[in-house]
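In our numbering, the protein residues as written are 146 to 592. From the three backbone atoms N, C-alpha and C, an ideal C-beta is built for every residue, glycine too. Notes follow the structure.
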């Protein structure tokens, strides 16, 4: 699943419906001396600050590259799963188009992505992107896309509640046993305080089950993608921990079937100790839900084994001309792939507009490029970066695992498993996992 808006606001990179006229358009206008490219995921007019940044950066790019004409489209969201395949099949997709990490192989499988392999040598920043993110858009040794952002799951927690419960906020839980202990102490504060919250509806329960399974060293499907691997000791450990916190400790509250907004509301109101999320939740908690930056911290995924990663990037239409491919890569380089600059990296500009600077993610680059990006970010930080250091330190030793194939279908199955455990004290964990395994096998067999 996508996270909640890897940028400054939830709306920042989701988008409104400017007209979709000439949405696909693969005419490069070479006769006029210019190469024309259409791009998507421009912030909506309602997100005035981000829209202004985007337009400013496009104008700067066109000034530097007078032979390229960029036509930006917005839509809400950046990618609508209900229309994504239809736009691809109908030739209506932009020349340079936004995708979630989980879409990369699918777009290649249906033969709608341009092979960028011969061109990436012209993309000066490509080698500075983290290898594990580049690999997501590499299929059978060929490059079909360029990452733009990445996120990883961690444990968001309320430092103020930790202190009230006698816990050290500078030493957050690192194991699920420690999470259980901390949740019990926080719930013991009373007054409707919840120690730990988890999702169990709208496919979000399956998403979190997957993240928690990764953290235990397990997986959802086999390496070859053909069989379910949820009916395992690791899968049972995930569900048993949730069952025990819910029914034995009463540390998860009585209201269940929660989704992300429910957890954010609880955390923002100071009534929740911990929940799993990516760092991009933090400004939402502050700007929309009433929390204070000083109180909100994030730790790495408990368990010490792995964490779920996600993110997005851009691919290029199969119909794009070589000139459009080159122009599109230049545009991506300018907008998103220059450390400390561009739409996502101009931290000085973001700070001037009171956007949060200093969050631990997204981290796109490696080596010297990452060092430069982090240096500029640190110089302009306006949030308590020390609250996020445990997350950065812990992530260094975790495996980063992308979501499983057919993620949404699988999450729908696992939603039922998690919701049963959290709403029925006598839920049969073994039976739930066995049934889920069979259903997932069926999804995988259908391809």
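- With the rule of 3 Cβ pairs closer than 8 Å, the region 453-470 does not count as touching the region 566-579.
- Counting C-beta atoms within 10 angstroms of its own C-beta, residue 325 has 16 or more neighbours from the protein chains shown and is therefore classed as buried.
- For residue 367, the number of other beta carbons within 10 angstroms of its own is below 16, and it is reported as exposed.
- Every beta strand (DSSP E) stretch that sits fully inside the region 396-438 and reaches 3 residues is listed by chain position as 417-422.
- Judged by DSSP secondary structure, residue 582 falls within the alpha helix (DSSP H) whose first and last residues are 574-591.
- A check of alpha carbon separations from residue 347 across 402, 376 and 472 identifies 402 as the nearest.
- Of the candidates 406, 382, 448 and 579, 579 places its Cα closest to the Cα of residue 561.
- By the Cβ neighbour-count rule, residue 469 is buried, with 16 or more other Cβ atoms within 10 Å of its own.
- Around the beta carbon of residue 239, a 10 Å sphere encloses 16 or more other beta carbons of the protein chains shown; the residue is thus reported as buried.
- When rounded, the separation of the alpha-carbon atoms in residue 448 and residue 319 is 6 Å.
- The region 424-431 makes no contact with the region 260-271; the number of CB pairs closer than 8 Å stays below 3.
- Excluding sequence positions up to five before and after residue 518, its CB lies within less than 7 Å of the CB of 484, 485, 490 and 510, all in the same chain and listed in chain order.
- Annotation for residue 217: no alpha helix (DSSP H) segment contains it, though the beta strand (DSSP E) segment containing it runs 213-217.
- With a beta-carbon spacing of about 12 Å, residue 308 and residue 317 fall beyond the 8 Å limit used to define contacts.
- The residues 556, 559 and 560, in chain order, have a CB closer than 6 Å to that of residue 351 in the same chain once the five nearest residues on each side in sequence are set aside.
- With respect to the C-alpha of residue 203, the residue from 488, 408 and 585 having the closest C-alpha is 488.
- The alpha-carbon separation between residue 247 and residue 452 amounts to approximately 16 Å.
- The region 495-530 contains, as complete alpha helix (DSSP H) runs of 4+ residues, the segments 512-524 (chain order).
- Taken in chain order, the complete beta strand (DSSP E) segments of 3 or more residues contained in the region 350-393 number zero; there are none.
- In this structure, the alpha-carbon of residue 389 lies about 14 Å from that of residue 564.
- Within the same chain, 246, 247, 281, 453, 454 and 455 come within 8 Å of residue 547 by CB-CB distance, once the 5 residues on both sides are set aside.
- Contact check between the region 205-218 and the region 435-443: fewer than three CB pairs, one atom from each, fall below 8 Å, which does not count as touching.
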